[in-house]
Amino acid sequence: MTAPAEPAATAAPLRTPPVRQATTVRSDLEHTFHTFVATIGAWWPVTPFSRGGDRVRDVTIERHEGGRVYETWDDGTESDWGRILAWDPPHRFVMTWEYTPVPTEVELSFRALGPALTRVSVEHRGWEALTPEQLAEDCAMPGGYSTGSYSIGWVTILGRFADAAGGAA
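0 is the number of the first residue of the sequence shown in numbering that gives the first Met the number 0; add one for each residue after it.
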């Protein structure tokens, strides 16, 4: 007599998986990381991906754990984007993202693929803390997380960054 078969283990799908996007840049690791953090105000598409839009004059990443990430407007107003949770140059940094109804988390990773080729990956996570209504709220684009707006937004942002850092590979 054989033992009864055990039911197959199944994993429940994540209701709100992280948003993951990446690009490959024609630039060495150190230059790529430096361009991202030191010149973000020059290449970040502030319209529509900021609170201040065309009033934004700079974006600053304070380069240490606990540091602020914020935009500065033409009148001197500062608007926080988040705080640095992990700082590991030139390989990665993690920050809170305060543009969502409940703060989420963004991790940027930089990996050398060759002497002048770097993979830049973003993982935007923590969506499970938001209600279904909050997930559907408009962000920079209509529909929020629920319609893929964050995924499309990160593709746009990484494209602008790749151009600034040396061109997409």
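Each residue gets a CB set at the ideal place from its N, CA and C atoms; glycine is no exception.
- Each residue's CA atom was taken as its position, placing residue 54 and residue 111 some 35 Å apart.
- For residue 87, the enclosing beta strand (DSSP E) has its first and last residue at 77 to 87.
- Annotation for residue 149: the continuous alpha helix (DSSP H) segment containing it runs 148 to 164.
- Per DSSP, reduced to three states, the secondary structure at residue 115 is coil, with no helix or strand assignment.
- Around the CB of residue 139, 16 or more other CB atoms lie within 10 Å, so the residue is classed as buried.
- Classified as exposed, residue 90 has fewer than 16 neighbouring CB atoms from the shown chains inside 10 Å of its CB.
- Going by DSSP, residue 37 is part of the alpha helix (DSSP H) stretching over 28 to 37.
- Residue pairing of residue 133 in beta bridges, as defined by DSSP: absent, with no partner found.
- Pairing residue 128 with residue 24 gives a Cβ-Cβ distance that is not under 8 Å.
- Fewer than three pairs of CB atoms, one per stretch, sit closer than 8 Å, so the stretch 135 to 154 makes no contact with the stretch 26 to 42.
- Taking the Cα of residue 22 as reference, the smallest distance to any Cα among 65, 120, 16 is reached at 120.
- Beta-bridge partners of residue 104 (DSSP): 95, 124.
- When DSSP states are grouped into helix, strand and coil, residue 139 belongs to the coil group.
- Cβ neighbours of residue 108 within its own chain (closer than 6 Å, five residues either side excluded): 91, 120.
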